[in-house]
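S.K.: Residue numbers (the UniProt record's numbering): 1 to 314. From the three backbone atoms N, C-alpha and C, an ideal C-beta is built for every residue, glycine too. On a predicted model such as this, the values are computed, not experimentally measured, just so you know. Pasting in a structure now, in structure tokens, and then I'll have a few things to ask.
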Ligand SMILES: Nc1ncnc2c1ncn2[C@@H]1O[C@H](COP(=O)(O)OP(=O)(O)OP(=O)(O)O)[C@@H](O)[C@H]1O
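Structure representation (structure tokens):
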């Protein structure tokens with residue numbers, strides 16, 4: 001299978017500092033791929049190498065079938081880059097900004113106007129055509145910045161922190177927009193600090209820590225990397241009695257009371273639910289509610305990054 005992005009031991013040193021350490025990424029075409037990591041993990045350096053903006057120390061990256069080392073111009077024509085801080089001109093209108101971006105990206109002059117009008121329409125900015133970039137709202141500024149990265153119809157879009165600083169409504173609109181770009185056949189490579197955003201939006205996620213990929217998979221595959229994080233939560237009339245009755249079970253990893261709620265972590269949560277129900281009936285313990293809660297991505301992310309820290313400090 002050909003990948004949109006394929007890296008082979010991609011490595012970057014800044015002097016003695018190893019910022020990106022033998023990174024091997026496989027990003028299939030036409031998905032939303034999330035690149036997640038704490039501050040200083042190496043996300044920006046990786047993206048900059050993929051875009052040809054930072055020199056690679058060793059290894060290679062193949063983007064849309066082209067080696068960034070041997071065919072950087074073809075890579076540049078294949079990608080659209082959206083930085084976290086906009087690179088558009090505040091004093092130019094939406095139309096002029098896009099026309100300028102089209103010229104910079106080598107769109108032939110007779111096709112520029114049509115492409116710009118098409119993008120303004122797609123991004124819902126037609127009525128802002130003559131408004132200066134400086135006078136747009138934050139959400140619209142972000143949209144125009146993405147539009148500018150797409151003037152040359154790239155196959156891959158690199159999005160750095162696409163919703164940073166946006167309010168809830170603008171963030172939701174941005175998510176819908178990113179999904180619709182994917183529907184148009186564009187591969188999205190997205191970095192974010194926002195674990196919730198990445199788990200909602202991305203089909204595959206790679207987690208980077210201290211320059212190394214520490215986990216990669218679908219959101220549900222990553223959840224499974226953190227064992228026993230599904231917890232059964234119960235509010236019952238006699239939680240201590242229930243704990244006593246189930247504590248000998250092989251299946252129960254732990255059972256404890258937190259904020260008046262009984263939490264039970266089991267190897268096989270569904271089997272545990274059956275067992276608990278039997279005890280509740282037999283012991284005539286009343287139930288107010290029962291719920292099965294999965295680990296959220298934030299916990300998964302922290303556990304993976306923390307685990308990696310502990311392992312690497314040994
Ligand atoms: N131009 C540079 N010169 C020297 N060191 C750098 C340079 N750019 C980044 N670094 C260092 O390389 C490491 C990785 O930084 P990078 O900016 O790639 O991380 P990041 O994951 O994007 O972080 P953040 O989320 O905070 O932007 C950090 O230790 C950083 O201090």
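Grab me the residues of residue 307's own chain with a C-beta within less than 7 Å of its C-beta, minus the 5 sequence neighbours each way, in chain order.
M.R.: none
S.K.: Quick test of your reading: residue 116 and residue 99, contact by CB under 8 Å. State the CB separation rounded to the nearest angstrom.
M.R.: 6 Å
S.K.: I'd like the span of the beta strand (DSSP E) that includes residue 28, first residue to last.
M.R.: 26-28
S.K.: Apart from the five residues just before and just after residue 238, which ones in its own chain have a Cβ nearer than 6 Å to its Cβ?
M.R.: 285
S.K.: Please look up how many angstroms separate the CB atoms of residue 75 and residue 46, rounded, as I've assumed it's under 8 Å.
M.R.: That belief does not hold up - the Cβ atoms of residue 75 and residue 46 are roughly 14 Å apart, past 8 Å.
S.K.: If you reduce the DSSP assignment to three classes, tell me which class residue 233 lands in.
M.R.: Annotated three-state conformation of residue 233 is strand, per DSSP.
S.K.: For ligand 1, is there a heavy atom less than 6 Å away from the beta-carbon of residue 43?
M.R.: yes
S.K.: Alpha carbon to alpha carbon, how far is residue 203 from residue 220?
M.R.: 10 Å
S.K.: What do you reckon, is the C-beta of residue 217 under 6 Å from a heavy atom of ligand 1?
M.R.: no
S.K.: Please check the pair residue 90 and residue 134, which I expect to be a contact at CB under 8 Å, by giving their CB distance rounded to whole angstroms.
M.R.: Yes, residue 90 and residue 134 are in contact; Cβ-Cβ is about 4 Å, under 8 Å.
S.K.: So, does the region 57-71 touch the region 9-18, judging by three or more C-beta pairs under 8 Å?
M.R.: Contact between the region 57-71 and the region 9-18 is present, because at least three Cβ pairs lie under 8 Å.
S.K.: For residue 314, name the three-state secondary structure that DSSP assigns.
M.R.: Since pLDDT at residue 314 reaches only 41, below the 50 mark, its modelled position is unreliable, and no value is offered.
S.K.: Measuring straight from C-alpha to C-alpha, what distance separates residue 214 and residue 189?
M.R.: 18 Å
S.K.: Considering residue 225, what are the terminal residues of the alpha helix (DSSP H) in which it resides?
M.R.: Secondary structure note for residue 225: its alpha helix (DSSP H) is the uninterrupted segment 219-225.
S.K.: Cα-Cα, which of 142, 256 and 235 is closest to residue 173?
M.R.: 142
S.K.: Suppose you measure from the CA of residue 193 to the CA of residue 200; what does that come to, to the nearest Å?
M.R.: 13 Å
S.K.: CA-CA distance, residue 53 and residue 225?
M.R.: The alpha-carbon atoms of residue 53 and residue 225 are separated by roughly 34 Å.
S.K.: Going by CA-CA distance only, name the one from 304, 257 and 231 that's closest to residue 319.
M.R.: Here the chain has residues from 1 to 314 only, and residue 319 is not among them.
S.K.: Any chance the CB of residue 59 is under 6 Å from a heavy atom of ligand 1?
M.R.: no
S.K.: Drop a sphere of 10 angstroms on the beta-carbon of residue 301, count the other beta-carbons inside from all chains shown, and report buried for 16 or more, exposed for fewer.
M.R.: buried
S.K.: Tell me which same chain residues have a C-beta within less than 7 Å of the C-beta of residue 253, skipping the five on either side of it?
M.R.: 228, 265, 266 and 267
S.K.: Along the chain, where does the alpha helix (DSSP H) that runs through residue 145 open and close?
M.R.: 138-149
S.K.: Could you name the residues that DSSP lists as bridge partners for residue 93?
M.R.: Answer by DSSP bridge pairing, in chain order: 132.
S.K.: Is residue 194 close to ligand 1? I mean its beta-carbon at under 6 Å from any heavy atom of the ligand.
M.R.: no
S.K.: Taking all protein chains shown into account, decide if residue 16 is buried (16 or more other Cβ within 10 angstroms of its Cβ) or exposed.
M.R.: exposed
S.K.: Just mark residue 168 as buried or exposed, buried being the case when its beta carbon has 16 or more other beta carbons within 10 Å.
M.R.: exposed
S.K.: Output needed for residue 41: all residues of its chain with C-beta closer than 8 Å, excluding positions within five of it in sequence on either side, in chain order.
M.R.: 208, 209, 210 and 211
S.K.: At 4 residues or longer, what runs of the alpha helix (DSSP H) sit wholly inside the region 230-307?
M.R.: 239-246 and 269-283
S.K.: Nearer than 6 Å: is that true of the beta carbon of residue 19 relative to any heavy atom of ligand 1?
M.R.: yes
S.K.: Which term fits residue 313, buried or exposed, when burial requires 16 or more other beta carbons within 10 angstroms of its beta carbon?
M.R.: With a pLDDT of 43 at residue 313, under the threshold of 50, the predicted position of this residue should be treated as unreliable, and no value is reported.
S.K.: What does residue 216 pair with, by DSSP beta-bridge criteria?
M.R.: 206
S.K.: Less than 7 Å between C-beta atoms, sequence neighbours within five positions excluded: which residues of the same chain meet that for residue 72?
M.R.: 52
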